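Worksheet: the structure to be examined is printed underneath.
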Amino acid sequence: YGYVQEPMTECGYSYGFYPQTDYCSSALLLFNTSHTDSSLQIKSGVYLGPGDATVPLVSLGHMCAGPWKQPGSYHNPGHVQTIIREYIHKTTAFDILTTRLEDALRGGEYAVTHVEILGNRDFLTDLLIIVSKPIIGTNQSQLIVNDNNINEDQIYSNIRQMSSRIMKRHKRYN
13 YGYVQEPMTE CGYSYGFYPQ TDYCSSALLL FNTSHTDSSL QIKSGVYLGP GDATVPLVSL
73 GHMCAGPWKQ PGSYHNPGHV QTIIREYIHK TTAFDILTTR LEDALRGGEY AVTHVEILGN
133 RDFLTDLLII VSKPIIGTNQ SQLIVNDNNI NEDQIYSNIR QMSSRIMKRH KRYN
(Lines of atoms letter the chains of each structure in order from A and count residues from 1; the text may use other names and numbers.)
(Lines give C-alpha, C1' and ligand atoms only; values in the text may rest on other atoms or scores of the structure.)
Protein backbone atom coordinates (compact mmCIF):
# COMPACT_ATOMS: atom_id res chain seq x y z
CA TYR A 1 0.00 0.00 0.00
CA GLY A 2 1.02 3.60 -0.44
CA TYR A 3 2.28 5.76 2.37
CA VAL A 4 2.22 9.54 2.12
CA GLN A 5 4.46 10.86 4.89
CA GLU A 6 2.91 14.28 5.40
CA PRO A 7 -0.48 14.15 7.13
CA MET A 8 -3.13 14.61 4.46
CA THR A 9 -5.53 11.70 4.95
CA GLU A 10 -8.86 12.28 6.68
CA CYS A 11 -8.68 10.25 9.90
CA GLY A 12 -11.43 11.78 12.01
CA TYR A 13 -13.73 14.72 12.47
CA SER A 14 -14.38 17.37 15.08
CA TYR A 15 -17.95 17.71 16.29
CA GLY A 16 -19.55 20.29 18.52
CA PHE A 17 -22.64 20.36 20.71
CA TYR A 18 -24.98 23.10 19.55
CA PRO A 19 -28.19 23.25 21.62
CA GLN A 20 -29.37 26.44 19.89
CA THR A 21 -29.39 25.47 16.23
CA ASP A 22 -31.74 26.88 13.67
CA TYR A 23 -35.26 25.52 13.48
CA CYS A 24 -34.61 23.61 10.26
CA SER A 25 -32.33 21.10 11.97
CA SER A 26 -33.02 18.71 14.82
CA ALA A 27 -29.33 17.78 15.18
CA LEU A 28 -27.63 18.82 18.40
CA LEU A 29 -24.22 17.45 17.45
CA LEU A 30 -22.82 19.03 14.30
CA PHE A 31 -19.60 18.90 12.32
CA ASN A 32 -17.39 21.74 13.58
CA THR A 33 -15.77 23.29 10.51
CA SER A 34 -14.38 26.19 12.52
CA HIS A 35 -12.04 23.94 14.55
CA THR A 36 -8.45 24.32 13.31
CA ASP A 37 -5.36 23.40 15.32
CA SER A 38 -2.11 22.81 13.47
CA SER A 39 -0.45 21.17 16.51
CA LEU A 40 -3.16 18.47 16.48
CA GLN A 41 -3.26 18.24 12.67
CA ILE A 42 -6.85 19.53 12.56
CA LYS A 43 -7.91 21.64 9.61
CA SER A 44 -11.48 22.93 9.29
CA GLY A 45 -12.76 20.22 11.62
CA VAL A 46 -10.93 17.36 9.90
CA TYR A 47 -8.20 15.37 11.67
CA LEU A 48 -5.42 14.72 9.16
CA GLY A 49 -3.01 11.83 9.54
CA PRO A 50 -0.85 9.34 7.68
CA GLY A 51 -2.23 7.15 4.94
CA ASP A 52 -2.49 7.11 1.17
CA ALA A 53 -4.41 10.41 0.99
CA THR A 54 -7.73 8.51 0.98
CA VAL A 55 -7.47 5.59 3.42
CA PRO A 56 -5.86 6.04 6.89
CA LEU A 57 -2.66 4.10 7.60
CA VAL A 58 -4.27 2.08 10.38
CA SER A 59 -6.88 0.78 7.92
CA LEU A 60 -4.24 -0.03 5.33
CA GLY A 61 -1.79 -1.89 7.53
CA HIS A 62 -3.09 -2.89 10.97
CA MET A 63 -4.14 -6.45 10.12
CA CYS A 64 -0.94 -7.06 8.13
CA ALA A 65 1.33 -5.74 10.88
CA GLY A 66 -0.46 -7.34 13.81
CA PRO A 67 -3.11 -10.06 13.89
CA TRP A 68 -2.14 -11.81 10.64
CA LYS A 69 1.51 -12.07 11.74
CA GLN A 70 0.76 -13.24 15.27
CA PRO A 71 1.49 -16.97 15.78
CA GLY A 72 -1.63 -18.96 16.54
CA SER A 73 -3.95 -16.12 15.60
CA TYR A 74 -7.47 -17.07 14.65
CA HIS A 75 -7.29 -14.17 12.19
CA ASN A 76 -4.80 -16.22 10.13
CA PRO A 77 -5.71 -19.86 10.85
CA GLY A 78 -3.86 -21.14 7.77
CA HIS A 79 -0.62 -19.45 8.91
CA VAL A 80 -0.26 -17.73 5.53
CA GLN A 81 2.93 -15.68 5.34
CA THR A 82 2.16 -11.96 5.42
CA ILE A 83 4.63 -9.48 3.99
CA ILE A 84 4.12 -5.73 4.25
CA ARG A 85 5.28 -3.64 1.32
CA GLU A 86 4.88 0.10 1.86
CA TYR A 87 5.67 2.45 -0.98
CA ILE A 88 6.59 6.06 -0.18
CA HIS A 89 5.13 8.86 -2.25
CA LYS A 90 7.84 10.58 -4.26
CA THR A 91 6.87 13.71 -6.10
CA THR A 92 8.33 14.36 -9.50
CA ALA A 93 9.34 17.77 -10.69
CA PHE A 94 7.22 19.01 -13.56
CA ASP A 95 9.23 20.19 -16.54
CA ILE A 96 7.07 21.13 -19.49
CA LEU A 97 9.74 20.01 -21.97
CA THR A 98 10.46 16.55 -20.52
CA THR A 99 7.46 15.46 -18.43
CA ARG A 100 4.71 13.51 -20.14
CA LEU A 101 1.27 14.95 -19.58
CA GLU A 102 -0.05 11.61 -18.25
CA ASP A 103 2.67 11.53 -15.57
CA ALA A 104 1.98 15.10 -14.50
CA LEU A 105 -1.75 14.50 -14.20
CA ARG A 106 -1.49 11.26 -12.23
CA GLY A 107 1.28 12.31 -9.84
CA GLY A 108 4.22 10.79 -11.66
CA GLU A 109 5.78 7.35 -11.83
CA TYR A 110 6.33 7.15 -8.05
CA ALA A 111 2.93 8.39 -6.85
CA VAL A 112 1.32 6.17 -4.19
CA THR A 113 -1.98 7.81 -3.47
CA HIS A 114 -5.07 5.61 -3.38
CA VAL A 115 -5.44 4.89 -7.10
CA GLU A 116 -2.14 6.16 -8.48
CA ILE A 117 -0.24 3.33 -6.77
CA LEU A 118 -1.37 1.08 -9.62
CA GLY A 119 1.07 2.98 -11.86
CA ASN A 120 3.90 3.23 -9.30
CA ARG A 121 7.16 1.97 -10.79
CA ASP A 122 8.38 0.24 -7.59
CA PHE A 123 5.00 -1.43 -7.02
CA LEU A 124 4.89 -2.71 -10.60
CA THR A 125 8.46 -4.02 -10.34
CA ASP A 126 7.58 -5.97 -7.19
CA LEU A 127 4.38 -7.24 -8.79
CA LEU A 128 6.26 -8.52 -11.85
CA ILE A 129 8.81 -10.27 -9.63
CA ILE A 130 6.03 -12.01 -7.69
CA VAL A 131 4.04 -13.19 -10.70
CA SER A 132 7.08 -14.33 -12.68
CA LYS A 133 8.59 -16.58 -10.01
CA PRO A 134 9.30 -20.04 -11.41
CA ILE A 135 6.93 -22.90 -10.72
CA ILE A 136 8.09 -25.32 -8.04
CA GLY A 137 9.62 -28.40 -9.64
CA THR A 138 10.96 -26.66 -12.76
CA ASN A 139 14.66 -26.25 -13.54
CA GLN A 140 15.55 -23.05 -11.73
CA SER A 141 19.35 -23.31 -11.92
CA GLN A 142 19.62 -21.09 -14.99
CA LEU A 143 17.40 -18.33 -13.65
CA ILE A 144 19.07 -15.19 -12.38
CA VAL A 145 16.46 -13.00 -10.76
CA ASN A 146 16.89 -9.92 -8.61
CA ASP A 147 14.07 -10.58 -6.17
CA ASN A 148 14.17 -7.02 -4.79
CA ASN A 149 13.98 -8.49 -1.25
CA ILE A 150 10.35 -9.25 -2.00
CA ASN A 151 10.10 -11.72 0.89
CA GLU A 152 10.97 -9.05 3.47
CA ASP A 153 8.83 -6.34 4.99
CA GLN A 154 9.40 -2.87 3.59
CA ILE A 155 8.00 -0.49 6.20
CA TYR A 156 8.58 3.25 6.45
CA SER A 157 5.71 4.18 8.77
CA ASN A 158 5.01 3.43 12.43
CA ILE A 159 2.34 0.83 11.57
CA ARG A 160 3.91 -1.82 13.82
CA GLN A 161 3.64 0.45 16.85
CA MET A 162 0.08 1.48 15.93
CA SER A 163 -0.96 -2.14 15.51
CA SER A 164 0.70 -3.13 18.78
CA ARG A 165 -1.25 -0.44 20.68
CA ILE A 166 -4.52 -1.62 19.14
CA MET A 167 -3.81 -5.25 19.99
CA LYS A 168 -3.02 -4.37 23.63
CA ARG A 169 -6.39 -2.62 23.98
CA HIS A 170 -8.49 -5.47 22.60
CA LYS A 171 -8.66 -8.80 24.38
CA ARG A 172 -9.53 -10.77 21.25
CA TYR A 173 -5.96 -10.24 19.98
CA ASN A 174 -4.36 -11.54 23.19
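Our numbering numbers the first residue of the sequence shown as 13 and each following residue consecutively.
Ideal placement from N, C-alpha and C gives every residue a C-beta, glycine not left out.
Since the structure is predicted, the reported quantities are computational estimates derived from the model, not experimental observations.
**Report entry** Beta bridge counterpart(s) of Pro68 as assigned by DSSP
**Finding:** Gly63
Query raised in the report: From which residue to which residue does the alpha helix (DSSP H) around Thr137 run?
Result: 133-143
Query raised in the report: How big is the Cα-Cα spacing for Leu42 and Ser26?
Result: 9 Å
Query - Reference Leu72, options His182, Asn44, Ser175, closest by Cα - result: Ser175
Query raised in the report: Which residue comes first and which comes last in the beta strand (DSSP E) that contains Gln173?
Result: Per DSSP, Gln173 belongs to no beta strand (DSSP E); it is in the alpha helix (DSSP H), 171-181.
Query raised in the report: Tell me which same chain residues have a C-beta within less than 7 Å of the C-beta of Val70, skipping the five on either side of it?
Result: A distance below 7 Å between beta-carbons, with the five flanking residues on each side excluded, links Val70 to the following residues of its chain, in chain order: Met174.
Report task. Select from Val143, Arg118, Ile141 the residue whose C-alpha is nearest the C-alpha of Gly131. Result -> Arg118
Query raised in the report: Considering only residues of the same chain and omitting the five flanking positions on each side of Thr125, which have a CB-CB separation below 8 Å?
Result: Gly14, Val16, Asp64, Ala65, Thr66, His101, Gly119
Requested in this report: Let me know if Pro89 comes out buried or exposed under the rule of 16 or more other beta-carbons within 10 Å of its beta-carbon.
Outcome: Pro89 comes out exposed.
Query - Test item: CB-CB of Ser169 and Glu98 under 9 Å - result: yes
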